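Written below as structure tokens is the structure these notes are about.
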Amino acid sequence: MNYLMIVFSDDNVSIERNAEKYTYQFNRTNSIYQEWLNLAKEIKSQSKNIEGGVLHILSPKYYEDTGIIITSDDKPINLPIFFTEIFNKPFISHCAKEIDIIELEKKLNKGQHELTWSIEYAGLTVGKDEYCQESLLTVANGYIGLRGTLPEMTISDDYYPATYIAGLYNQVASEIESHQVINEDFVNAPNGQFISLKIGEGEYLNPNTLITHHLTRHLDLKTGVMSSHWIVETSEGKKIKITTEKFANMANMSHYCILYQFTPLNFSEEITVTTRLEGNTYNYGVARYRSLNPNHYHVITSGGDKQKAYILAQTDQSQIGIGLASTISGNFFSDKDVVCNISDTVVEQTITINAKKNTTYRLEKCVIVSSSTAYPTTWQEVMHWPSVSLQTQLVQTKNAWQQLWENADIVVSGDLMTQKLLRLHTYHLLASASPFSNQQQKLDVSVTARGLHGEAYRGHIFWDEIFILPFYIMHFPETARQLLLYRYHRLNEARIAAKKEGFQGAMFPWQSGHDGTEQTQVLHLNPLTGQWDPDYSCRQRHVSLAIAYNVWLYWRNTLDTQFMQDYGLELLYEITLFWLSLCEWDEQDKRFHISGVMGPDEFHEKYANSEDGGLKDNAYTNLMVTWLFNEMQCLSKNNQFTEKLTALGYKPPLFSQIENIKHHLAINLNQDDIIEQFSGYFELNDLDWEYYREKYGNIYRMDRILRKEDKSADDYKVAKQADTLMLFNNLDKDSIKSLITSLGYPLSENFAENNLHYYLDRTSHGSTLSRIVHAYLAEQIQLHDLSWQLYQDALYSDYNDIQGGTTAEGIHTGVMAATLNTTIMAYAGVDIRKDILNISPSLPKQWQGLSFKLLHQSVLYQITITHTHITVLSNQDCTISINNQQHTLNANNVFSLNVNGENKNG
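Final position of the sequence shown in my numbering is 906; the numbers increase by one with none missing.
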């Protein structure tokens, strides 16, 4: 087996590979993190084509128990994980230098399996780094989200234990520098996670006042269980080991559990354990929001009796009821040992015991959460709901997660880190909106831009749904249906909003929360300047086109006629009316125009020196409107829908109006087939990109940088993210070309490639979504290396927090979903937009194979792709297209096609 042996001594590192051996001078006790990183990269550059490695440190007392070293700049490194992620090959630690080859293979295989199904962090960090880890370690079940903190942590700049409940919003007013700002926020709900202990008459354990000898936090993606292993020492020299497990029950959305175990290691003494329900939490998760009013709810009543406790609360403005009830049990106390203290906002239970050295004590805490939006008639009875043991719930949640993974797992061979990150993204999508919670039809919610993981964007729902819904449509269409109903249930608010602005139909809000009213702020604080600037982002009316697209994609993939009859057609009709009323005829150029809107690129909000927000003829918007009008005409010819559409008002006068506009809507192209992002874009100034990169380094938010220099992004050809190129995320190249030529604009064959290069050179990637959209288009036009690099950047965007702190405020559900979709749609080449499933693979050279399941028009497919074969198994007789050649599949028989076109069905 081709593997490395890396041996660390105090002042050097020796590398052994077969008969080769070389040494680096390296002082492991006095090296900072960057030096460790440089060392690992240098070893990698000298070690091609290895299959894995073994790490051996010649100072066992320093290393063997934990696998963790602390750099001289106090950064913890789990060496096996560190080297595994850099090499993209499995590494293990081994105390003895000699190792049996069979044992090695077993350990490497086990290590690889564990790494692709988990994330783990070592050591204790504070601030943004800690907040980031907490986001990625979040356990959630689509209803409850619990950030990945230790039970002892409390709200501070260092740590942020928060509990989120899907749909829990509240509006509050704040006075900021003479401005009254009203924001609707995603509420940090009452907390049931707190558990701590004190030794004798000492203070309760607080991470900041202890010596941490060892800490690991581990999230098992397969089961949704987060565990921690913590060894600490008090100022008196008393050592104690604390281990925990925490999970939100995926099978029963209102339940979560914490297992808390502690072991005195070098003492026997009285220990007091305290657990609380806290009704005094507040919003603190986003630093730039901390000047705003953080208080959103009040406690109505609270109580406790021995092992049970409860709190009932209500949000101040939205008046959403919140219930929290807990039951504790353990192997070191009974009912009579629990002392319950009740204050206005906190219920505290304490147990005091005479703890013995090297004895492990176990506390189980099972918590039930209710809200009046999910349980309108019973939420106040939460303290009387039947409790279920932790062990029973652990079995339930593991079984539920297993079912989800069976349907959603994407298996990549030959690329360990891509496999890990795809599973990480799948986990967080399922944690943010679960088939088990949404299909119970208790939740009238959609997926927020930051999941159930943080408070950035105030937990609102944006157009990110256009990236998120395809994941559910392909794997869990019933859940996609429920998510679409969130929009349908707020259709009346969208109608009211359109009417208020003088438009017909439905104008959906850019930022949506509780009731579907527009929640986009009208003033925006620039953290670089400290100034309040007008915010025009509510003019991103294309959010309604995202909703229409998702309705259409759901219909194309499910043929759910009942949904279309009851909900879908009405949504499409009202959105169509809205866009019809925005189209204005210009007699001079004989074109229809749409003004006063913003495209996906949020850097351009208005024209320079204009007092009014919005732009004219955003190409993405106009072409998606053209697409919508085309699809409405197609739907009107479907006999299943004619009666419903007629009843809604879709009649001949409207037909002719739509027909006229969809052939005369304005866009602009130059001589190189570059589609002008909006009218006037070509006249903007070019930006000196090298100057700004050299001056600022991180230029993701060029809009803020330019404002700091008394300039405006409105004056420059600079984009936050893909705008015109978003068309290629929604539609294939041929469909886009057909749309453009139907408007009377000729195109060359290279138009897609020309547009990619033009706009990529002018994009700062201020949104994590930007790179993945460009990656998808690059793959469509066979720019494989460019696609791969952008795809990898997107895959790592949250895991490596590439934007320097945004993951601390919650994961990015849009980019996580988009990476999963791109894997299937670009690299597996699966197109779910047609009547017949089409597969045209473009497997990256870095992979050996790709395997996944998906549903298309009620047929479940298992698809496996390698560089030599395409294998498909369907549960029904059907016809599919592979590389544009149709093939007949027999139910439950494997169909295999090699790259030369030979097939075998059997």
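Where is the CB? At the ideal position from N, CA and C, for every residue including glycine. It should be emphasised that the depicted structure is a prediction, and the values quoted were computed from it without experimental measurement.
query	result
Assign I496 to one of two classes, buried (16 or more other C-beta atoms within 10 Å of its C-beta) or exposed (fewer than that).	exposed
Return yes when the Cβ of I92 is within less than 9 Å of the Cβ of P76, no when it is not.	no
Starting from the Cα of G596, find the closest Cα among C583, L483, L577, G849 and give me that residue.	C583
Just to check, is the beta-carbon of T154 closer than 8 Å to a non-hydrogen atom of the ligand SAH?	The ligand content of the structure shown is nil, which means the ligand SAH is not present either.
Taking 9 Å as the cut-off, decide whether the C-beta atoms of V382 and I368 are in contact.	yes
List the endpoints of the continuous beta strand (DSSP E) containing D185.	179-186
Nearest by alpha-carbon distance to Q317: which of P376, V187, K356 is it?	V187
Would L197 and T116 qualify as a contact pair, given that the criterion is a beta-carbon distance under 9 Å?	no
The alpha helix (DSSP H) with R693 in it runs from where to where?	689-696
What's the call for Y63, buried or exposed, on a 16-neighbour Cβ count within 10 Å?	Reliability fails at Y63, whose pLDDT of 43 lies under 50, so the model's placement of it is uncertain and the value that follows must be treated cautiously. It counts as buried.
Use the C-beta contact count for L854: other C-beta atoms within 10 angstroms, 16 or more gives buried, fewer gives exposed.	buried
Measure the alpha-carbon distance for Q886 versus K834 and round it to whole angstroms.	13 Å
Taking only the alpha-carbon atoms, compute the straight-line gap between K128 and N800 and give it to the nearest angstrom.	12 Å
Given a threshold of 16 other Cβ atoms within 10 Å of its Cβ, counted over all protein chains shown, does R288 qualify as buried or as exposed?	exposed
Going by beta carbon distance, what residues of the same chain come within less than 6 Å of C538, once the five residues before and after it are set aside?	W510, E518, T520
Please say whether V859 and C878 have beta carbons closer to each other than 9 Å?	yes
Please determine, among Q633, M726, Y33, the residue with the shortest C-alpha to C-alpha distance to K662.	Q633
By the 10 Å Cβ neighbour count, where 16 or more other Cβ atoms means buried, how is P435 classified, buried or exposed?	buried
Do you know offhand how far P60's Cα is from C95's?	Interpretation of P60 is limited by its pLDDT of 47, a score under 50 that renders its predicted location unreliable; no figure is taken from the coordinates.
I'd like the list of long-range same chain contacts for E493, defined as Cβ closer than 7 Å, with 5 residues on each side in sequence excluded.	D515, G516, T517
Looking at L909: is its Cβ nearer than 9 Å to the Cβ of D673?	With the chain covering 1 to 906 only, the question about residue 909 has no answer from this structure.
Under a three-way DSSP split, which group does W36 fall into?	helix
Any beta carbon from chain C within less than 9 Å of Y427's own beta carbon?	Protein chain content of the structure displayed is limited to a single chain, and chain C is not contained in it.
Can you pull the DSSP bridge partners for I69?	I77
Can you check whether the CB of A400 is closer than 9 Å to the CB of M250?	yes
Just the Cα atoms here: how many angstroms apart are L55 and D100?	14 Å
Quick check on DSSP: helix, strand or coil for P60?	Caution is warranted here: a pLDDT of 47 is assigned to P60, below 50, making its placement in the model unreliable, and the coordinate value is therefore given only provisionally. Three-state DSSP puts P60 in a helix.
Taking DSSP's pairing of strands, which residues face T866 in a bridge?	G849
Decide if K246 is buried, meaning its Cβ has at least 16 other Cβ atoms within 10 Å, or exposed.	buried
Would P190 be called buried (16 or more neighbouring beta carbons within 10 Å of its own) or exposed?	buried
Identify whether V872 lies in helix, strand or coil by the three-state DSSP scheme.	strand
Checking 9 Å against the spacing of the C-beta atoms, do F87 and I50 come in under that value?	yes
Mind checking whether N838 and I802 have CB atoms under 9 Å apart?	no
Quick check on this structure: which residue in L615, L580, W555, N660 has the alpha carbon closest to the alpha carbon of K590?	N660
Measure from the alpha carbon of N109 to the alpha carbon of each residue in L215, L416, T223, then state which is nearest.	L416
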